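J.: Would you mind keeping the following structure in view while I ask a few things?
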Amino acid sequence: MERRNFLRIMAAGATVIAVNPSLIRGNLYAADGRLYTAYEKAQLVDAAGNPIKASALDSEMTYIFNYPYASTPCMIINLPEPTQQEVQLKSESGEEYVWKSGVGKNRTIVAYSAICPHQLTHPTPNDNFIQYVPKTKPTMAYDNSGIIVCSSHLSAYDAKAGAKNLRGAATQPLAAVVLDVAADDTIWAVGILGSDKFQDYFKSFKPEFKEFYGGIAQAKQLVSISAKTVKMTEYSKDIIQY
Amino acid sequence: MERRNFLRIMAAGATVIAVNPSLIRGNLYAADGRLYTAYEKAQLVDAAGNPIKASALDSEMTYIFNYPYASTPCMIINLPEPTQQEVQLKSESGEEYVWKSGVGKNRTIVAYSAICPHQLTHPTPNDNFIQYVPKTKPTMAYDNSGIIVCSSHLSAYDAKAGAKNLRGAATQPLAAVVLDVAADDTIWAVGILGSDKFQDYFKSFKPEFKEFYGGIAQAKQLVSISAKTVKMTEYSKDIIQY
Amino acid sequence: MALSRRDAMRFTGLAAITAAASGYAKSDKTAAKSTAKGVLLSPAPIPAAKGQRVVIVGAGASGLTIAKYIKKGNPKVDVVLMDKRSVFMSGFLSNLVATGVLPLEFITHDFLEAARNGNYNFLQATVHDIDRTSKTVFTNEGTVKYDVLVLAPGIDYDYSHWTKGDVELETVLRTKFPAAFIAGSETLSLKSKIENFEGGNFVVTVPGGNYRCLPGPYERSCLIADYFKKNKINGKVLVLDENADITIKAAGFHSAFDNMYKDYITYMPSTTIDSIDPYKQKIVTEFGQEIEFADAALYPRVRGNKLLEIAGVAKDSPANKAEANIDPFTYQVIGDKNVFCTGDVRPMGFSKSANTANTEGKIVAANIVKYLGGQELSRKTWTSPLTVCFSAVSATPDLRAISVHAEYAYNDANKAFAFANAGMNEKWDGSEGIDGGKGLKEWGKGLYRDLFN
Amino acid sequence: MALSRRDAMRFTGLAAITAAASGYAKSDKTAAKSTAKGVLLSPAPIPAAKGQRVVIVGAGASGLTIAKYIKKGNPKVDVVLMDKRSVFMSGFLSNLVATGVLPLEFITHDFLEAARNGNYNFLQATVHDIDRTSKTVFTNEGTVKYDVLVLAPGIDYDYSHWTKGDVELETVLRTKFPAAFIAGSETLSLKSKIENFEGGNFVVTVPGGNYRCLPGPYERSCLIADYFKKNKINGKVLVLDENADITIKAAGFHSAFDNMYKDYITYMPSTTIDSIDPYKQKIVTEFGQEIEFADAALYPRVRGNKLLEIAGVAKDSPANKAEANIDPFTYQVIGDKNVFCTGDVRPMGFSKSANTANTEGKIVAANIVKYLGGQELSRKTWTSPLTVCFSAVSATPDLRAISVHAEYAYNDANKAFAFANAGMNEKWDGSEGIDGGKGLKEWGKGLYRDLFN
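Chains as they are written, first to last, in our numbering: chain A, 1 to 242; chain B, 243 to 484; chain C, 485 to 937; chain D, 938 to 1390.
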C-alpha cells in the first residue's frame, strides 16, 4: 500500500526542481542519433526530493527511478570498475548503435531501462526480478557475476557494456538511459538509447497501471523536471534473484 | 455460520429419542409398493430436540427437515384445506404410482422432498428458492397460489395433490415423504414415494457438502431416530420467491 | 550454479533421447503426397456402436441435453456427442464474466464430466462433411456412422448487412470488435476492452432478426455502465438498436437505463448502420449520423452455423439466413427424418437461449427415443419448450436482475407460434431485484447441473 | 403476475418472427445430397493474401510465437494463424489451476487479442486435409493457400502401450481418467477429481518416451499431496513411473517427496503398467503387482498430433510415434522446404515445454522471414532454443518452486543434441523456494505477454 502511494505521488508530483536544461550537455547518445530519443531532462532526486549526487551512489547497488514515463522503471548502478567505451550493440530487429560509456568521475555510473526486452518483466511495488548482481554474489544466469540478470527467465546483460546480451532468451540489450552528470555532481536523465519496449509495455500492464498509478493515462505521463530515485529494496517489497 | 453449525449438529447428533417403530403404522405408500422406499423412521423434532406435534404446525408455513439423508432437505406443510386422495402420479420415466393423502386430523399435513427434480435447486443455509406459496401471496409461476413453487425456473407443484406438476420445466412431481402421525400427535417420516433425485443430488453438490456437512460421507449418512425440523426462515438466510 | 553429479545424470537421461532423435536429418524419403484420405476415412477412435447410434454435433445447451436425456430415456441407445471445442463456455452469464462480476470458472465446464455422468461418448472433433445417404459424418478424427443425426451447432454471425461481402472488413470487425455472443476468446476480448477502457463512447449494437439472447445486449449495456460508474470511468455506452424499441423486458431495461444509468447509457432505437470504419472507429447510420467510438462490441445479425449448409439442410428463414429446414413440430429435416436440428438453428422463432434449448432438448430426446422405437413423430408428439431467462441490470452494490418466462403455443388460425403462459418480473429496485440477482445465479447453476451432472 | 400492455407489445414483436418462421413445415423440396464440397472448397472467410502468405496451424506457444515474430521480422508477410479452439488454455501452470492455487483466468487467454496486437489474421478452423502440391489447407471453414506452412499442432496421446488397440478401453480411459496434459476439459476433470476426492489411492502415472512437460507429473503429485494434507484428506498419491528415476529436477522432487509428503506420496519407479481395469479401478503392473485406485490421472505416452499424418509428414521417432520428419536445424520437412514443423511435434528430443517452443518459435520465425526472402536455411542459421522451467513443489502455506534452465548444443561426434549451459535450482525449503514460487508465476505471465501482447 505504501509503495503504491509512493508511486502515485511520484507520478503526480514530479515538478519540484527547475534547472535550465541548456546548462547540461548530453554525452552518451549514439554517434549518428539512430535509436536515440531525447526526452525532457529529469533530475534524479531522493525520496525527500533532494538531488542525488553521483559520488553518493552506493557501489553495486541497484537504484530504481521511473523515466521517461511515470510508469517505466529504470535502474542506475554505480559499478565497481569503469565501463567499456564505444560499445557496438544491435537491436532485435538488427539496427546497430553505439553505447558510449558510463558517466561520473570514473565512468562507473550506468543506467538502463529495467523492462526486460524478453518478456517485459520489470520492478513493481510488489516484486523485482531484474537487477544488478554484485560481484560477490553467484547467479544461475551466467558464469560470473557483476552483471544484470532478469531472474524471470535468466537473461544476463553486461552492465559495463551497454547491457549487451550475455546469455538467455532476450534478443537485444536493455535500452540505455542516457545520463548527464553536471558540474555540481547532480545526475540527469536526458533520453533513451536503443530499442525500448515502452509501447509493448503500455499494452501489457493496464490493470497494473490502474493499481499502481491510478490509471492508464497517468502511467503514460512523461516525467518532468525530476525523477525520484530509490534503492530497489525500497521500491519493491520482494527482490527475487537467482 | 450458525446455520452451517446447526446442520453439522443435526447430522451428527440425530440419536436423541427412541421409540418402538412397530407402534407406528405407515399409511401413505403406493398400493403396490412401486416407487416406494422405506427408510429408518425418524421423528420430527424442533431445534431443541422436542417432538413436534402435528396440531402445532403453523398453517401454510414451510418447515424444513433433512431426510432420509443428512443432507437431503424435505419440506412439511400444514395446508389450509384437506388434500386430495388417491392421486395418480407419473415419474419422468413414465412409472405410475399413487399418492394416498395428507395426514393429520384433517388430512392437511403433507411432506415432500425439497429437491426440485428439474435442476436440483433446494434449500441451503444460504438461500431457498423452493417453498409453499400461501394462498394470499401471488406467484409468477401459476394462475393461483396455495401451491409449491421452485422460483429458480418457476416449476409449480400442486401441494394438495402429491406435488403433481402444474406448470414449468419439471417433468415429474416432487418425491413425497411418507409420514405417520402417531396417536400422541407426534410426526414420523418413514419413507420416500416417487422418483427421488438423491443420486443426482449427491453427484452435483460435493463442494456444498464439504462446506455445510463437513464432507461427502457425512452428507450421505442416513438420518436416524429423529430429524430436526425448523421454519424455512430459520433454515436459510434468504428466501427467494416469485 | 554448478550442476551436481546427480543432476548431471538426470540430464544424461534426456540427452540420450536427444541423441537418438537427431538421426532424422539423414532420412530423405518422405512421400510428398498427402495421406489425408487414408487417415480421415478410417473410423474415428470411439467404440463400435452397441445398438442404434445417435450422433449429436454440437455440445451446447441443446446437444448436451439431448445426449443425456436420450441415455436416460433408453440406456441401450448408443450416443456420441461431438464438439470441436476442448472446453464448454456458456454464453449465458458471460456478460457477468466480461464485467468481472463472476469468475471464468463459473461459465466454463467440462465435456468429459458430462460424458462420465451421462454414460455417453464424447468426441472432440470437427465435422467437415456429412453424407446423409450412407449416414456418415466426416471429422478431423475420422468417420462416424449414425442411425439418427442431431445437428445442434448454434449460430454463426451474419456480417453481410454491414460488409456487403467485404471479407477483409468482416475479419477486422470479428477481430477488433467481436460481438461476444459466442463464448470463448470473444468473451475475454470484451472483458479486457471493458477493463482497459479509458473513456469515450463504448458502442453496443443490437441486431435485427431473431438474434441469440434477446436481452443480452441490454443486459451488457447495463453491466458496462455499472462498471464505468463504479470505477469512475468517463465513458458512455451507446446502444445502437436496429429495432424500434428494446425487444424484451423493455419496461425493466428502460427504467434501469433512465434511473441508474442516465449519464452512462444513450439508447438509440431504430438505428440502422450504414457503414463502419474500424480503423477511424466511426459508424455512419442510415440517416447519415456519424458516431465515433473508443471501443465497441459490434453484434451483427445471426445465421445458422455453416454446418447446416455442409449437411444440405439449410434454408433462409424470414428472420435469419441459413437456418434449419425442419418440421417445426418434430425437428426432423424435411425429406430426411433421420436428421434432427435443434437449438439456435431451429427456424421457429423461439427465443435463442440456453433455457429454451435445454427444455426443448428434453422433448426432442424423448421423441428420438420414440422414433428409434419405431414410432412416427408428429404434431401430437410436440410439446412446448420453455423460455426462462434472467438478465442482470446492476452489479453494484448488489446483483439485481429482471426475468421473463414463457411457453409457446401454435395458433392454427395464423399458423404461427405465439407466447403462452408468459410472465415477467421487471422490477429491479426493490427486494425483487436482489432476489432476481440470486435467481440469476441459481438459474445458471441449475442449467450447468442439468447439462453436466 | 399479469402482463402489462407494454409487455404484451414486446412479446408481439417476437411473435411476428415466430409466425413468419412457422411456414417451414410446408416446404418439402430439400436436396438430400450433401453440399459439403461446395461449401468447403470455397476460400475460408479471410482476406486475400497481400503478399507471401504463411499459414500456421496450431495456436499454442509455438504457433503464437511464430505468427507474432514473423510479422515483427517482416510486416509485409501475410500471416494466418489457425486453431480449432475458441480459447487458449495453457498446459503450463494448469497443475496450479487443477489444485485451486490459481484461478482459471490465469491460464486462459484470447486468440483475438493476440491477432489484434500481432497484426495477423486468426482463423478459428480445423484442418482436415493438406495438399502440399497445390499448397492448400482444407478446413471446416473453407480452403486457405500458403507459400509457407507451419505445422505446430502439438501432441496427442498414444494409449497403445496400455490398450493394445482396444478402442473402447482407450475411450473409457480418456473419459474417466484423463491425463490432463492437454489443457481444457481434462484440466477441469482433474480439478473436480481432486476437490471431490474422498480418500484412498490417487494414481498419477509418468510415461516413458519424451513426454510433454517432463516435471509435470511430479509437480502434480506434490500439489495433490499438498491439497490432501491441507484439507486433511486421507489420500495417497501413487506415482507410477515408467522411468527408472524422476526424469528431471530429481533432487528437488525427491527431497519434497521425502520431507514434505512422506505420508502422502508413494513413488514407484520402473513401474510399467501391464493392464488397467477402469471399472474395477485396478492396475496390474508388469510384475503382477495389483494396485487399486480411488481415482487417477493416467498419463499415457505421447505422439505427434494426427495432423502430421494428414499432411504426410509423420515419422516415428525413437522416443515417440508419428513425430515430424524434418531437418533438425531448419525445421523444414524433408523433401518439402515450404513446410516447417515446430513445437512439441519436433523429433529432436528437446524438452516438450512452452518455454522451449516460445524461444524456438522466435528462431524459426526469423528463419522463415529469411527463407521467404530467398535465403537457404541450414545448420548455420540454427541457434538453440532455451528451456527454462519452474515446477511448484508446494502451495501451502507458500507457493514454492524449483527450476531448471538449459540450452542445447549439437555434438558432431555422436551426431546428437545435448544440454549446454544448464543450471538448476532444486532447493525449495529456504527463501529460494519462495522466490521460485514467485518466479513461477512471473515466468508464466511473461510467456502470456510474449504470446498475446
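The beta carbon of each residue, even a glycine, is placed where N, CA and C say it ideally should be.
From a predicted model like this one, the values you see are computed outputs, not experimental measurements.
For residue 131/A, which residues does DSSP report across the bridge?
T.: DSSP output for residue 131/A lists 149/A as bridge partner(s).
J.: Taking its Cβ as the centre, do 16 or more other Cβ atoms sit within 10 Å of residue 1345/D, making it buried, or is it exposed?
T.: Under this definition residue 1345/D is a buried residue.
J.: Going along the chain, which residues of the stretch 702-728 of chain C sit with their C-beta nearer than 7 Å to a C-beta in chain A?
T.: The residues in question: there are none.
J.: For chain C, check one thing: does any of its Cβ atoms lie closer than 8 Å to the Cβ of residue 1152/D?
T.: Cβ-Cβ to chain C under 8 Å: no for residue 1152/D.
J.: Below 8 Å on C-beta distance, what does residue 1384/D contact in chain A?
T.: Those within 8 Å of residue 1384/D in chain A are 119.
J.: What does a CB cutoff of less than 7 Å around residue 25/A pick up in its chain, not counting 5 residues either side in sequence?
T.: Caution applies to residue 25/A, whose pLDDT of 35 falls short of 50 and renders its modelled position unreliable; the value that the coordinates give is listed next. So the list reads 180, once near-sequence residues are dropped.
J.: If we ignore side chains and look at the alpha-carbon of each, how far apart do residue 1347/D and residue 570/C end up?
T.: Roughly 37 Å between the two C-alpha positions.
J.: Compare the Cα-Cα distances from residue 650/C to each of 850/C, 760/C, 732/C and report the closest residue.
T.: Considering only alpha carbons, the answer is 760/C.
J.: Are the stretch 636-653 of chain C and the stretch 668-686 of chain C touching by the rule of at least three beta carbon pairs closer than 8 Å?
T.: Touching, no, given that fewer than three Cβ pairs across the two stretches are closer than 8 Å.
J.: Scan the stretch 82-142 of chain A and note each continuous alpha helix (DSSP H) run of 4 residues or more that stays entirely inside, going in chain order.
T.: The qualifying runs do not exist here; there are none.
J.: Would you tell me roughly how many angstroms separate the C-alpha atoms of residue 802/C and residue 835/C, rounded to the nearest one?
T.: Straight-line Cα distance between these residues: approximately 15 Å.
J.: Nearest by alpha-carbon distance to residue 481/B: which of 523/C, 585/C, 918/C, 721/C is it?
T.: That would be 918/C, whose Cα lies nearest to the Cα of residue 481/B.
J.: Mind checking if residue 410/B is an interface residue toward chain C, Cβ cutoff 8 Å exclusive?
T.: Judged by the 8 Å Cβ criterion, residue 410/B is in contact with chain C.
J.: Could you please give the first and the last residue of the uninterrupted beta strand (DSSP E) stretch that includes residue 912/C?
T.: Premise fails: residue 912/C is in no beta strand (DSSP E) and is neither H nor E.
J.: Between the alpha carbons of residue 1005/D and residue 1015/D, how many angstroms are there, rounded?
T.: Between residue 1005/D and residue 1015/D, the C-alpha separation is close to 11 Å.
J.: Taking 8 Å as the threshold (C-beta atoms), are residue 1031/D and residue 594/C in contact?
T.: Cβ distance not < 8 Å, so residue 594/C and residue 1031/D don't count as in contact.
J.: Could one say the Cβ of residue 206/A lies closer than 8 Å to chain C's Cβ atoms, at least one of them?
T.: Yes, because at least one Cβ of chain C sits closer than 8 Å to the Cβ of residue 206/A.
J.: Taking the alpha-carbon positions, what's the residue 524/C to residue 1193/D distance?
T.: The alpha-carbon atoms of residue 524/C and residue 1193/D are separated by roughly 46 Å.
J.: State the DSSP-derived secondary structure class of residue 430/B, mapped to helix, strand or coil.
T.: In the structure shown, residue 430/B sits in a strand (DSSP, three-state: E or B).
J.: Checking contacts by CB at 8 Å: is residue 459/B closer than that to chain D?
T.: With 8 Å as the cut-off, residue 459/B counts as an interface residue toward chain D.
J.: Check each candidate in 1184/D, 1264/D, 1071/D and name the one with the smallest Cα separation from residue 1301/D.
T.: Per the Cα distances, 1264/D.
J.: CA-CA distance, residue 362/B and residue 443/B?
T.: Near 7 Å, if we compare the C-alpha coordinates of residue 443/B and residue 362/B.
J.: Nearest-angstrom Cα distance between residue 374/B and residue 299/B?
T.: Taking the straight line from one Cα to the other gives about 14 Å.
J.: So does the stretch 780-787 of chain C actually touch the stretch 622-630 of chain C, counting three or more Cβ pairs closer than 8 Å?
T.: Not touching, per the Cβ criterion.
J.: Can you check which of these residues, 1112/D, 1208/D, 1157/D, 997/D, is closest to residue 1280/D by C-alpha distance?
T.: It is 997/D whose Cα lies nearest to the Cα of residue 1280/D.
J.: I'd like to know whether the C-beta atoms of residue 532/C and residue 707/C end up nearer to each other than 8 Å.
T.: No, the Cβ-Cβ distance between residue 532/C and residue 707/C is not below 8 Å.
J.: Quick test of your reading: residue 70/A and residue 218/A, contact by CB under 8 Å. State the CB separation rounded to the nearest angstrom.
T.: Confirmed, Cβ separation roughly 6 Å.
J.: At the 8 Å Cβ level, is residue 905/C part of the contact set with chain B, yes or no?
T.: Residue 905/C counts as touching chain B.
J.: Is it true that the stretch 85-104 of chain A meets the stretch 161-179 of chain A, where meeting means three or more beta-carbon pairs spaced less than 8 Å apart?
T.: Touching, yes, given that three or more Cβ pairs across the two stretches are closer than 8 Å.
J.: Determine which residues of the stretch 1313-1326 of chain D have a Cβ less than 8 Å from any Cβ of chain A, and write them out in chain order.
T.: So the close ones are 1323, 1325.
J.: Looking at chain G, which residues of the stretch 1124-1139 of chain D have a Cβ within less than 7 Å of any of its Cβ atoms?
T.: Absent here is chain G; the protein component of the structure consists of chains A, B, C and D.
J.: Note down, in chain order, every chain B residue with its Cβ under 7 Å from the Cβ of residue 826/C.
T.: Simply none; closest approach about 16 Å.
J.: Is residue 984/D helix, strand or coil by DSSP?
T.: Three-state DSSP puts residue 984/D in coil, outside helix and strand.
J.: For the alpha helix (DSSP H) holding residue 1302/D, just list the boundary residues, first then last.
T.: 1291-1309 is the extent of the alpha helix (DSSP H) around residue 1302/D.
J.: DSSP three-state call for residue 931/C: helix, strand or coil?
T.: Reduced to three states, the DSSP call for residue 931/C is helix.
J.: Kindly indicate which residue of 39/A, 42/A, 51/A has the alpha-carbon position closest to the one of residue 186/A.
T.: Comparing Cα positions, the closest option is 51/A.
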